[in-house]
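Undergrad: The sequence shown runs 1 to 104 under the UniProt record's numbering.
To start, I am sharing the structure in question, which I have written as structure tokens.
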Amino acid sequence: MVKQFKDENFELKHKKFSLSMANAGKDSNGSQFFITTAETPWLDGGHVVFGKVLNKASKKVVKKIEFFGSKEGNPKAKIVIEKCTCTPVEIAKVEKGSSPSPTH
1 MVKQFKDENF ELKHKKFSLS MANAGKDSNG SQFFITTAET PWLDGGHVVF
51 GKVLNKASKK VVKKIEFFGS KEGNPKAKIV IEKCTCTPVE IAKVEKGSSP
101 SPTH
């Protein structure tokens with residue numbers, strides 16, 4: 001059985017290049033996430049935003065991956081992410097409706 005956990009909060013909004021939890025409904029978060037490539041306000045209140053793509057090079061990679069998407073949801077080609085880096089950032093203050101910003 002897959003372990004699920006509760007929604008943390010819905011303070012951050014789905015802006016372009018947000019990282020957000022995929023789920024099957026309220027409090028059903030697991031290990032899956034997605035990256036938005038446009039503002040997606042209809043996801044606010046249903047999916048928890050927990051980060052964002054930080055730099056121009058990383059955003060370029062996300063845009064290249066987006067090119068292989070389809071309306072049906074299946075990619076047009078196999079996409080393999082061989083390396084990923086998570087950069088912890090200290091958040092001084094996050095205001096409702098904003099996206100997190102690094103303080104360094």
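Glycine included, each C-beta is placed from N, C-alpha and C at the ideal position.
Since we're looking at a predicted model, the values are computed, not measured.
Compute the beta-carbon to beta-carbon distance between residue 13 and residue 49, rounded to the nearest angstrom, for a pair I have assumed lies under 8 angstroms.
TA: Here the question's residue 13 lines up with position 13 in the sequence shown. Here the question's residue 49 lines up with position 49 in the sequence shown. So it is a contact: roughly 7 angstroms between Cβ atoms.
Undergrad: Check the DSSP bridge columns for residue 51 and list the partner residues they point to.
TA: If you number the sequence shown from 1, residue 51 lands on position 51. Residue 51 has 19 as its beta-bridge partners, per DSSP.
Undergrad: Are the region 21-31 and the region 55-71 touching, with three or more C-beta to C-beta distances below 8 angstroms?
TA: no
Undergrad: In this structure, does DSSP put residue 35 in helix, strand or coil?
TA: The residue labelled residue 35 in the question sits at position 35 within the sequence shown. Three-state result, residue 35: strand.
Undergrad: I believe residue 70 touches residue 78 by the beta-carbon criterion, under 8 angstroms. Please report the beta-carbon distance rounded to the nearest angstrom.
TA: Looking up residue 70 in the sequence shown gives position 70. Looking up residue 78 in the sequence shown gives position 78. Actually they do not touch by this definition, with Cβ atoms about 13 angstroms apart.
Undergrad: Looking at residue 7 and residue 26, is the spacing between their C-beta atoms short of 8 angstroms?
TA: By one-based count along the sequence shown, residue 26 stands at place 26. By one-based count along the sequence shown, residue 7 stands at place 7. In this structure, residue 7 lies closer than 8 angstroms to residue 26 by Cβ.
Undergrad: Please look up how many angstroms separate the CB atoms of residue 17 and residue 64, rounded, as I've assumed it's under 8 angstroms.
TA: Counting from 1 along the sequence shown, the entry for residue 17 is found at position 17. Counting from 1 along the sequence shown, the entry for residue 64 is found at position 64. Actually they do not touch by this definition, with Cβ atoms about 13 angstroms apart.
Undergrad: Given residue 87, which residues of its chain have a CB within under 7 angstroms of its CB, disregarding the five upstream and five downstream residues?
TA: Here residue 87 refers to the residue found at position 87 of the sequence shown. Around residue 87: 54.
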